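**Q** Anchor point for the sequence shown: position 95 equals 95 in full-length UniProt numbering, and the numbering is continuous, going up by one each time.
Structure provided below as structure tokens; questions to follow.
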Amino acid sequence: MRPALKNEASPFAVLLRRASQTLEILEFRNLTASCRQIPIEGNTLLNRLLGGSHIGSSPDTALSILPAFKTLKLRSLYLNVPYLINFISLQPQLQYANFEYVYLKPEGYMWSHVAERLPPSCKKLYIGNCGHDKFDPNTPAVDGHIRAFLPYKEGFPATSDWRVDESFIEQKRDNDEQDAKDSGAHMKPAPPGAPSGSGGLYGTTTREEFRAKYRMTHDCAVFRRS
1 MRPALKNEAS PFAVLLRRAS QTLEILEFRN LTASCRQIPI EGNTLLNRLL GGSHIGSSPD
61 TALSILPAFK TLKLRSLYLN VPYLINFISL QPQLQYANFE YVYLKPEGYM WSHVAERLPP
121 SCKKLYIGNC GHDKFDPNTP AVDGHIRAFL PYKEGFPATS DWRVDESFIE QKRDNDEQDA
181 KDSGAHMKPA PPGAPSGSGG LYGTTTREEF RAKYRMTHDC AVFRRS
């Protein structure tokens with residue numbers, strides 16, 4: 001998805017429109033020569049695809065209801081929240097939304113606003129390395145000017161039916177250790193007398209300690225809807 005694609009009648013937009021009745025997975029990501037994680041502002045075509053009637057897009061560009069659509073993945077993008085909400089709230093079969101290195105605009109919108117507008121069919125939400133809301137010099141920032149979203153510290157309002165999936169942290173540790181083994185790293189056993197659950201890639205750090213540290217510092221989480 002290149003932001004330079006601004007023509008409403010672009011072949012890309014036409015292709016999506018023609019596949020709209022059977023499309024199950026929609027994935028966008030920005031690729032730059034310098035860094036895959038840093039988005040370029042603009043995304044004119046993406047905004048028109050998502051915005052639909054909200055911004056008066058032409059029928060040849062705007063995506064509306066996708067009856068078979070189940071998975072949305074967006075990465076390395078600035079997203080206009082009203083346009084995104086306009087799109088996701090219309091999807092009757094959406095089950096999973098995945099956002100990585102996505103920064104919300106305009107200022108003041110938060111990830112809780114996006115989560116609230118996901119349709120009832122959507123039960124799983126992943127947010128990783130993302131930003132939102134107004135920049136605060138006293139909090140971590142992404143891309144130099146947008147406040148980092150720390151899901152374990154912030155979460156969503158108590159009234160939300162989305163909850164952090166704690167099993168994601170356990171899976172993260174297990175995956176890290178398996179990746180280290182697969183790469184040939186030497187995994188030391190826990191020393192004598194070490195607490196249960198320590199050893200391996202994380203040394204004497206127990207699983208309980210790992211979970212506590214992860215909640216304080218990491219910005220990747222899976223949410224599930226009750």
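Where is the CB? At the ideal position from N, CA and C, for every residue including glycine.
What you are looking at is a predicted structure, and each value in this text was computed from that prediction instead of being measured.
(1) Rounded to whole angstroms, what is the Cα-Cα separation between residue 223 and residue 117?
(2) Could you tell me the distance, in whole angstroms, from the CA atom of residue 17 to the CA atom of residue 100?
(3) Using a Cβ-Cβ cutoff of less than 6 angstroms, which residues in the same chain neighbour residue 220 once the five nearest sequence positions on both sides are dropped?
(4) Here's the rule I'm using: 16 or more other beta-carbon atoms within 10 Å means buried, otherwise exposed. How should residue 114 be labelled?
(5) Can you tell me where the alpha helix (DSSP H) with residue 87 in it begins and where it stops?
(6) Work out the CA separation of residue 156 and residue 205 for me, nearest whole Å.
(7) If residue 97 sits next to residue 85, beta carbons under 8 angstroms apart, how far is it from one beta carbon to the other, in whole angstroms?
(8) What's the gap between the Cα of residue 171 and the Cα of residue 177?
(9) Can you pull the DSSP bridge partners for residue 132?
**A** Per the coordinate set shown:
(1) Here residue 223 refers to the residue found at position 223 of the sequence shown. Here residue 117 refers to the residue found at position 117 of the sequence shown. About 14 angstroms.
(2) Translated into positions along the sequence shown, residue 17 becomes position 17. Translated into positions along the sequence shown, residue 100 becomes position 100. Their backbone Cα atoms lie some 25 angstroms apart in a straight line.
(3) Here the question's residue 220 lines up with position 220 in the sequence shown. The answer, listed in chain order, is 128.
(4) Position 114 of the sequence shown, counting from 1, holds the residue named residue 114. Buried: at least 16 other Cβ atoms inside 10 Å.
(5) On the sequence shown, residue 87 is found 87 positions in, with the first residue counted as 1. Per DSSP, residue 87 belongs to the alpha helix (DSSP H) from 81-88.
(6) In the sequence shown, counting from the first residue as 1, residue 205 sits at position 205. In the sequence shown, counting from the first residue as 1, residue 156 sits at position 156. Those two C-alpha atoms are separated by around 29 angstroms.
(7) For the purposes of this step, residue 97 is taken as the residue at position 97 of the sequence shown. For the purposes of this step, residue 85 is taken as the residue at position 85 of the sequence shown. Not quite, the Cβ-Cβ distance comes to about 12 angstroms (not below 8 angstroms), so this is no contact.
(8) On the sequence shown, residue 171 is found 171 positions in, with the first residue counted as 1. On the sequence shown, residue 177 is found 177 positions in, with the first residue counted as 1. If you take the alpha carbons of residue 171 and residue 177, they lie about 10 angstroms apart.
(9) By 1-based counting over the sequence shown, the position of residue 132 is 132. Its beta-bridge partners are 147.
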